[in-house]
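2 protein chains.
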Amino acid sequence: MRPDDRHSGATTAKSGKSSARITQAGATSRWLAKQLYEGAGRPSARVCLWDGTELGAVGNAAVARLRIHNLGTLVRLLAYPDLYFGEAYMNGELEVEGDLVQFLETVYRARHSGRGNGFWNRMTDGVFSRRRRNTLDGSRSNIHHHYDLGNDFYQLWLDREAMQYTCAYFPRADTTLEEAQAAKLDHICRKLRLRAGDTVVEAGCGWGGLARHMARHYGVRVKAFNISGEQVRFARERARAEGLEDRVEYVEDDYRNVSGTCDVFVSVGMLEHVGPEHYPTMAKAIDRVLKPEGRGLIHSIGRNRAIGPMNAWIEKRIFPGAYPPSLREMMELFEHRAFSVLDVENLRLHYAATLRHWLQRYEGHVEQVRAMFDDRFVRAWRLYLAGSIAAFSSGQLQLFQVVFNRATCNDIPLTREHLYPAGGRG
Amino acid sequence: MRPDDRHSGATTAKSGKSSARITQAGATSRWLAKQLYEGAGRPSARVCLWDGTELGAVGNAAVARLRIHNLGTLVRLLAYPDLYFGEAYMNGELEVEGDLVQFLETVYRARHSGRGNGFWNRMTDGVFSRRRRNTLDGSRSNIHHHYDLGNDFYQLWLDREAMQYTCAYFPRADTTLEEAQAAKLDHICRKLRLRAGDTVVEAGCGWGGLARHMARHYGVRVKAFNISGEQVRFARERARAEGLEDRVEYVEDDYRNVSGTCDVFVSVGMLEHVGPEHYPTMAKAIDRVLKPEGRGLIHSIGRNRAIGPMNAWIEKRIFPGAYPPSLREMMELFEHRAFSVLDVENLRLHYAATLRHWLQRYEGHVEQVRAMFDDRFVRAWRLYLAGSIAAFSSGQLQLFQVVFNRATCNDIPLTREHLYPAGGRG
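Here the protein sequences line up with chains A and B, keeping their order. No gaps in the numbering here: position 259 of the first sequence is 259 in our numbering, and each next residue is one more. No gaps in the numbering here: position 382 of the second sequence is 382 in our numbering, and each next residue is one more.
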């Protein structure tokens with residue numbers, strides 16, 4: 001792909017004087033657009049301005065067109081791309097013509113290719129480094145922002161069975177979303193080597209699907225913590241309807257307040273909301289409840305490198321307080337109490353696949369979403385889901401499952417073969 | 001177990017005056033022995049002094065007796081236990097009556113139980129924190145110290161087929177050493193998804209067993225680096241004898257000088273000799289040679305926590321310059337060049353099993369070892385092998401296999417099922 005920065009003839013001048021003005025305006029906007037395109041590392045896309053200026057990849061090399069509707073948007077994009085791309089997309093001040101996921105993938109890949117000038121990264125790293133803190137109150141408000149949007153909304157596009165809002169597990173490429181979420185739950189249960197009668201503490205249980213799955217299929221008792229009131233209400237109702245209320249207890253409380261003792265500690269998709277500054281507290285909480293022979297698993301979005309807070313727009317609009325740690329940062333949690341890490345699996349392509357299912361279902365129910373909220377919300381969540389696919393498939397985000405136990409416990413299976421039974425549920 | 005600190009009547013006084021002297025001497029040595037025993041966290045063993053003083057665990061609670069032959073040894077043990085336990089054992093100034101491995105296991109477990117006063121740790125951490133540096137010259141001298149003891153020596157007790165001086169892989173508890181080492185090599189090859197025609201760079205190849213195994217069974221070409229002259233000579237001879245010299249090249253050079261490009265980077269049992277201060281250099285070397293779609297694996301002894309240098313005696317007598325990193329420290333290597341970690345497996349119990357085989361074979365050839373070296377050497381290596389079993393089985397040491405690739409490469413198998421074929425070689 002070679003960038004093509006010719007100025008299109010679409011805006012031809014009407015008179016001599018205004019021609020000079022327009023040419024000058026065209027030259028300025030073209031120069032700005034070029035900064036944007038080059039600074040972003042020359043993604044395989046075309047940039048089109050309101051005045052007809054076009055540049056970027058040509059022909060088949062362009063997977064999509066980014067259409068910027070006015071100068072203000074272009075300037076804001078140059079100043080704070082991480083934040084304002086999302087804001088402008090949400091507000092309709094720019095459009096992506098073509099496949100949104102492919103467009104975001106090429107932007108991610110180009111940005112981290114080393115071709116760019118690091119401009120986008122530099123501009124955003126400093127300005128938006130103030131994450132909303134996950135204190136006890138802060139966490140409650142941050143979690144409410146995202147997870148209390150209404151169970152009806154999430155039911156439109158999550159799997160119908162277990163309501164899992166975390167990475168599924170696709171043993172084969174043609175596994176359905178429902179199958180893949182059940183497979184994820186079983187994969188986790190096998191990693192934890194659940195035995196009938198075990199007691200389980202779950203930190204951050206979402207709509208309670210894992211806890212119910214464990215109780216139903218593995219004969220264990222689960223105490224599951226969550227600070228999202230909407231989710232806990234839903235989880236309790238489901239458990240009652242399924243006759244599991246004697247084996248699953250949902251507690252509306254913070255993971256820092258876990259109590260009692262357990263054979264198994266599990267946390268799926270919560271660590272992203274904890275923040276590295278609270279990892280010692282989390283390690284302490286696990287250390288407090290886990291029995292000497294206990295097993296644990298933490299499942300979390302992560303990154304290959306600790307590069308400060310998440311994308312600024314995601315942090316502002318979607319996930320306040322979220323922070324995907326690098327594996328090194330995650331290890332600080334385990335090292336803090338000298339837990340022994342037994343197994344780490346990176347499932348990032350499974351998350352890309354999961355998100356593709358979610359986006360497809362979301363688009364299938366987009367009119368209902370619009371009726372529940374508004375068009376800005378529809379566009380914001382489309383961008384968030386598409387951007388997440390791009391982040392996982394381009395290798396910007398990872399999904400780590402970490403199995404651990406206590407350093408002195410020798411009850412460890414010799415191999416991981418038990419995770420891969422020939423047939424169904426192990 | 002309750003410590004029993006009564007003074008045995010073995011040394012009864014002969015006269016009034018000398019009785020007072022002896023009683024006082026006895027009281028002092030008993031007090032010192034008690035400091036040693038309590039400070040070590042009250043291991044399940046009995047301490048017996050030259051003067052008949054006995055204390056510690058009683059009856060079946062004592063797995064062994066530590067017999068200390070003189071006051072000087074007791075004092076040195078109190079001052080620098082990490083170093084002088086090994087020195088005194090090697091010199092015959094103390095004996096362990098009973099099972100040496102069990103004795104060392106209870107010492108390890110007691111020491112890290114929190115019952116002790118941290119005395120042993122405190123005393124050693126500061127004093128022996130100067131590791132011998134692994135500069136280009138330093139590494140050569142450090143590696144020569146251990147690996148150039150003579151191939152004849154290692155052939156006495158390593159597996160006969162592949163001469164592997166690293167952790168084997170036991171799919172079943174009754175796997176033989178030869179089978180387990182071959183299984184380890186295949187496990188690594190499967191993790192690396194070797195394809196016929198691939199080019200492999202190996203950093204730190206020992207006697208070259210992995211390189212030959214890869215070339216013979218997977219049809220790849222291997223360039224294997226090692227700075228131990230003795231090992232490289234042996235490896236080349238074997239490759240010639242087995243008709244593999246056109247597919248395996250052994251290079252007597254440092255990993256920092258790896259060159260060319262490769263589909264696969266592998267390093268088994270070398271990272272322990274690199275030192276965290278050189279991880280960025282190692283990451284740079286990998287980054288230089290690994291193709292964009294390349295795969296990598298690093299296999300290394302590790303720890304649950306970064307607690308400074310290794311045991312002082314091991315560092316002085318056995319492995320100068322060695323440093324087993326915590327997983328967090330290992331992650332610094334990968335994070336340095338934003339490699340993506342795909343899979344981590346902790347095989348510590350496999351290393352305990354491997355070492356048990358080695359120790360058994362070593363004891364079976366102990367007269368030959370004595371003839372090659374001397375009795376101090378025999379005792380030093382017995383302690384080293386037994387101590388390593390205890391360290392892995394009590395959870396003081398870990399064995400990490402880490403699979404990685406480049407962040408942008410999506411050629412990743414969906415599951416790890418291919419590592420567990422029902423039958424033999426994959």
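Quick reminder that beta carbons are idealized off the backbone N, C-alpha and C, glycines included.
Query, Result
"From the DSSP output, read off the bridge partner residues of residue 206/A.", "In DSSP, residue 206/A forms no bridge with anything."
"For residue 417/B, return the contacting residues in chain A, with the cut-off set at a CB-CB distance below 8 Å.", "171 and 420"
"Less than 8 Å separating the beta-carbons of residue 30/B and residue 71/B?", "no"
"Using a Cβ-Cβ distance under 8 Å, would residue 44/A count as near chain B?", "no"
"Using a C-beta to C-beta distance shorter than 7 Å, which residues of chain B count as neighbours of residue 354/A?", "Neighbours of residue 354/A on chain B: none; closest Cβ ~12 Å, over 7 Å."
"Just confirm the distance between the C-beta atoms of residue 208/B and residue 147/B, as a whole number of angstroms; I'd bet it's less than 8 Å.", "At roughly 12 Å, the Cβ-Cβ gap does not stay under 8 Å, so residue 208/B and residue 147/B are not in contact."
"Answer yes or no: does any C-beta atom of chain A fall closer than 8 Å to that of residue 328/B?", "yes"
"For the alpha helix (DSSP H) containing residue 335/A, list its first residue and its last residue.", "327-336"
"Which value, in whole angstroms, describes the spacing of the CA atoms of residue 429/B and residue 321/B?", "Examination of residue 429/B is not possible in this model, given that chain B is present from 1 through 426 alone."
"Kindly list the residues whose CB is nearer than 6 Å to the CB of residue 306/A, restricted to its own chain and excluding five residues on each side of it in sequence; keep chain order.", "326 and 329"
"Using 8 Å as the cut-off, can you tell me whether the segment 397-412 of chain B makes contact with the segment 385-399 of chain A, which would need three or more C-beta pairs spanning the two stretches below that distance?", "yes"
"Is the CB-CB distance between residue 41/B and residue 110/B below 8 Å?", "yes"
"Less than 8 Å between the C-beta atoms of residue 298/A and residue 340/A, yes or no?", "no"
"Residues of the segment 319-347 of chain B with a CB closer than 8 Å to any CB of chain A: list them in chain order, please.", "326, 327, 328, 331, 332, 334, 335, 338, 339, 340, 341, 342, 343, 344, 345 and 346"
"Output yes or no for whether 8 Å exceeds the beta carbon distance between residue 200/A and residue 225/A.", "no"
"Can you tell me which of the three DSSP states residue 26/B falls into?", "helix"
"With a threshold of 16 other CB atoms inside 10 Å of the CB of residue 354/B, please say whether the residue is buried or exposed.", "buried"
"Are at least three pairs of beta-carbons, each pair with one atom in the segment 359-372 of chain A and one in the segment 358-372 of chain B, less than 8 Å apart?", "no"
"Give every residue of the same chain whose Cβ lies closer than 6 Å to the Cβ of residue 140/B, excluding the five residues on either side of it in the sequence, and list them in chain order.", "227"
"Does the beta carbon of residue 412/B come closer than 8 Å to any beta carbon on chain A?", "yes"
"Could you pull out every residue in the same chain whose Cβ sits closer than 6 Å to the Cβ of residue 332/B, ignoring the five residues on either side in sequence?", "279"
"Within the chosen definition, does the segment 146-166 of chain B reach the segment 179-197 of chain B through at least 3 CB pairs nearer than 8 Å?", "yes"
"Using a cut-off of 8 Å between C-beta atoms, extract the partners of residue 304/B located in chain A.", "334, 335, 338, 339, 340, 341 and 407"
"Ignoring anything shorter than 3 residues, give me the beta strand (DSSP E) runs that lie fully in the segment 277-360 of chain B, in order along the chain.", "290-302 and 339-346"
"Compare the C-beta of residue 102/B against all C-beta atoms of chain A and say whether one is closer than 8 Å.", "no"
"My assumption, with CB atoms under 8 Å, is that residue 427/B sits in contact with residue 194/B. Please give the rounded CB distance.", "Residue 427/B lies beyond the residue range present for chain B, which begins at 1 and ends at 426; the question has no answer from this structure."
"Assuming residue 73/B and residue 94/B make a contact with CB atoms under 8 Å, what is their CB distance in whole Å?", "6 Å"
"Say whether chain B places a C-beta atom closer than 8 Å to the C-beta of residue 401/A.", "no"
"Can you determine whether any heavy atom of the ligand ATP sits closer than 7 Å to the C-beta of residue 165/A, and answer yes or no?", "As far as ligands go, the structure on display features none, and thus does not contain the ligand ATP."
"Have a look at 102/A, 51/A and 219/A and flag the residue whose alpha-carbon is nearest the alpha-carbon of residue 60/A.", "102/A"
"Taking only beta-carbon atoms, is residue 349/B less than 8 Å away from chain A?", "yes"
"Have a look at residue 415/A and residue 171/B and give me their C-alpha separation to the nearest angstrom.", "6 Å"
"Is it buried or exposed, residue 284/A, if we count other Cβ atoms within 10 angstroms and call 16 or more buried?", "exposed"
"Express the C-alpha separation of residue 287/A and residue 65/A in angstroms, rounding to a whole number.", "52 Å"
"Would you tell me roughly how many angstroms separate the C-alpha atoms of residue 359/B and residue 381/B, rounded to the nearest one?", "9 Å"
"Does any residue of chain B bring its CB to less than 8 Å from the CB of residue 109/A?", "yes"
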